[in-house]
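Numbering (my numbering), first residue to last: 1188 to 1319.
What follows is the structure, encoded as structure tokens:
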């Protein structure tokens, strides 16, 4: 779920609800791990889908603002557990949209719309499961 105040998302990962957030320095760190060294080109050339390696890196960097000692290995384990119950493309969409809120990879409103629509889909799905 998007936090409209600080541009973060909440994600249940690693056994608890955690905030993922990016700022310019976080995006620079993500870029430092990309083979191309350029986030926008990487996303554009892959239809805005991150590779598994880059997705784990992006999740790790987005989580580190709350826990500076978090290791990439721990983040990878959490992503692996998360993906056992959730599709990779949905995690990718939320992570890319959250990175987009920084404003360096396109119109910020486009990314807000993605996250708001995702929240609405999750709310509808939750209500349908409650009825069953």
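Virtual Cβ for every residue (Gly too), placed ideally from N, Cα, C.
Residue j and residue i - do their beta-carbons sit closer together than 7 Å?
{"i": "residue 1250", "j": "residue 1257", "result": "yes"}
{"i": "residue 1208", "j": "residue 1219", "result": "no"}
{"i": "residue 1226", "j": "residue 1214", "result": "yes"}
{"i": "residue 1320", "j": "residue 1266", "result": "This structure cannot settle anything about residue 1320, because the visible part of the chain is limited to 1188 through 1319."}
{"i": "residue 1206", "j": "residue 1253", "result": "yes"}
Mind checking residue i: buried by the 16 CB within 10 Å criterion, or exposed?
{"i": "residue 1319", "result": "With a pLDDT of 47 at residue 1319, under the threshold of 50, the modelled position of that residue is not reliable, and no figure is offered here."}
{"i": "residue 1279", "result": "buried"}
{"i": "residue 1350", "result": "An answer regarding residue 1350 cannot be provided, because it is not within the stretch 1188 to 1319 covered by the chain."}
{"i": "residue 1211", "result": "exposed"}
{"i": "residue 1240", "result": "exposed"}
Among the options, which one has its Cα closest to the Cα of residue i?
{"i": "residue 1281", "options": "1265, 1245 and 1252", "result": "1245"}
{"i": "residue 1287", "options": "1235, 1198, 1206 and 1201", "result": "1235"}
{"i": "residue 1200", "options": "1222, 1262, 1253 and 1252", "result": "1262"}
Specify, as a first and last residue, the run of the alpha helix (DSSP H) that residue i falls within.
{"i": "residue 1238", "result": "First-last for residue 1238: undefined, no H or E at that position."}
{"i": "residue 1279", "result": "1275-1287"}
{"i": "residue 1223", "result": "No alpha helix (DSSP H) holds residue 1223; DSSP gives it neither H nor E."}
{"i": "residue 1260", "result": "1259-1270"}
Ends of the beta strand (DSSP E) at residue i?
{"i": "residue 1198", "result": "1195-1200"}
{"i": "residue 1203", "result": "1203-1207"}
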